[in-house]
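Chemist: One structure is given below, represented as structure tokens, and several questions about it will come after.
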Amino acid sequence: MADVRPAPLPPPDPLSTDGLVWPRDFDARYGDGLRLGVSLGGGGVFFVAWQVAYLHELAGRGIDLAGADRVVGTSAGAVVAAVLEARRIRRLHAELSVVARLPKLLGAIAPVGNLAPSQLRAAELFRSAADAEPTTVRAIGHAALAAQAPASSVMPRKLALILAFRRWPSAALHITCVDTYSGERCIVTGAAGVGIARAVAASSAVPGLFAPQPIGDRRCMDGGVSGSGTHLDLLAGAERVVVLSLTDGRGLEQGMLTSAPGSTEKESAALEASGSRVFYRVPASVDPKALMDPAAVPDAVEMGRRQAAADAGELSAFIA
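And the structure:
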């Protein structure tokens, strides 16, 4: 009798032809020739608020990071990166200051209602993942594809209301996401022909919570599933790099969210080893349980403002 078993799944194609795949590799020196690079990491509505307040305070003091040669946005940081490059930080800062408008932001980047079992399964796979091995990332991606999350059109539609612009804001903007099937890290720029709201949605599509987003022929999920929340290799070799991250990795004793203990420190060290000068800033304090809590936003805004005021002199000299 003929063997009718299905053929095994093919491995990820290392010769992708759509130009979206940028393997994580500090030796590639993706940032060579850049004078200034910026990376904005993910961290829920709390970190959106912190970053917006931080950048707004800097801008008020004459320090405009929107002039960077490359701005990398990951997950919630993709929202802020897009707004920064569109030069609309002031507008989003004003909205964050109005409590009545917070539900609009939360509705765009936080899940609404109870999660189905298939959603919980994908979310738990991501939460408990202690490494970013290809098999781990692909397993999370396949679970995300199988999850009964809201339709993929929902998240971009809500994000479009937050962004309030349609055109890709600048050639400098690089948004990270991960192919759910192959596990490959993808970088979306204006050259990809993808709408800005769709690209930001892909980078922010937490497995299980939101549907993977169609990016060309791919279905992509949160950029943080790759094992990095900042993707600093994209800036390796740049003269100067400013990093706003939820964490510097210190105190992480157990791997989670595809980040292994020590991986964040190694990534930062590798960036410095590439010859880049690095300004790395994290919030003064973070409650992991409050990342999606609207009650944490006022404190996040004040914390970001206060830290930016303290950093302004040093940062102005750093990017000069």
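My numbering puts the first residue of the sequence shown at 9, with every later residue one more than the last.
The beta carbon of each residue, even a glycine, is placed where N, CA and C say it ideally should be.
1. Where does P14 sit, in a helix, a strand or coil, going by DSSP?
2. Considering only their Cβ atoms, is the gap separating A130 from I148 smaller than 8 Å?
3. Would you say the stretch 261-275 touches the stretch 54-67, given that touching needs at least three Cβ pairs under 8 Å?
4. In angstroms with no decimal places, state the Cα-to-Cα distance between F173 and A207.
5. Using the beta-carbon count (16 or more within 10 Å), is S236 buried or exposed?
6. Check the C-beta distance from T184 over to G231 and give it rounded, since I have them as a contact under 8 Å.
7. Which stretch, first to last residue, makes up the beta strand (DSSP E) that contains I195?
8. Could you check the C-alpha separation between H101 and L73 for me, to the nearest Å?
9. With distances taken Cα to Cα, identify the nearest neighbour of G245 among R37, R313 and V79.
10. Measuring straight from C-alpha to C-alpha, what distance separates I195 and D40?
11. Across the stretch 135-150 and the stretch 113-125, are there enough close Cβ pairs to call them in contact, namely three or more that are closer than 8 Å?
12. Going by the beta-carbon positions, is the gap between S253 and S83 smaller than 8 Å?
13. Identify the residues that DSSP records as bridge partners of H182: which are they?
14. Taking its Cβ as the centre, do 16 or more other Cβ atoms sit within 10 Å of V106, making it buried, or is it exposed?
15. Apply the 10 Å Cβ neighbour rule to G27 and answer buried if 16 or more other Cβ atoms are within range, or exposed otherwise.
16. In the structure shown, what three-state DSSP assignment does V233 receive?
17. How many Å lie between R193 and R313 at the Cα?
18. Give me, in chain order, the residues of the same chain whose beta-carbon lies closer than 6 Å to that of G257; leave out the 5 immediate sequence neighbours on both sides.
19. Give me the Cβ distance between V251 and V286, rounded to the nearest whole Å; I'm assuming they're in contact under 8 Å.
20. What did DSSP end up calling R289 once you bin it into helix, strand or coil?
21. Excluding the 5 residues flanking A304 on each side, which residues of the same chain have their C-beta closer than 6 Å to its C-beta?
22. Using only CA atoms, which one of V87, M264 and A94 lies nearest to G213?
23. If you draw a straight line from the alpha carbon of G151 to that of G51, how long is it in whole angstroms?
24. Rounded to whole angstroms, what is the Cα-Cα separation between A168 and V79?
25. Smallest Cα separation from A325: which of D35, W58, Q315 and I71?
26. Can you give me the C-alpha to C-alpha distance between I97 and P164, rounded to a whole angstrom?
27. Identify the continuous alpha helix (DSSP H) that holds G45 and give its terminal residues.
Modeler: On the basis of the supplied data:
1. The predicted model places P14 with a pLDDT of 34, which falls under 50 and marks its position as unreliable; any figure quoted below should be read in that light. Coil.
2. yes
3. no
4. 13 Å
5. buried
6. 3 Å
7. R193 to V196
8. 16 Å
9. R37
10. 17 Å
11. no
12. no
13. V80
14. exposed
15. exposed
16. helix
17. 33 Å
18. T272 and E273
19. 6 Å
20. strand
21. F54 and A298
22. Going by the sequence as given, residue 213 is Ala instead of Gly. The shortest C-alpha separation from A213 is found at V87.
23. Note that residue 151 is Ala in the sequence shown here, rather than Gly. Cα to Cα, A151 sits roughly 22 Å from G51.
24. 20 Å
25. I71
26. 19 Å
27. No alpha helix (DSSP H) holds G45; the beta strand (DSSP E) holding it covers L44 to L48.
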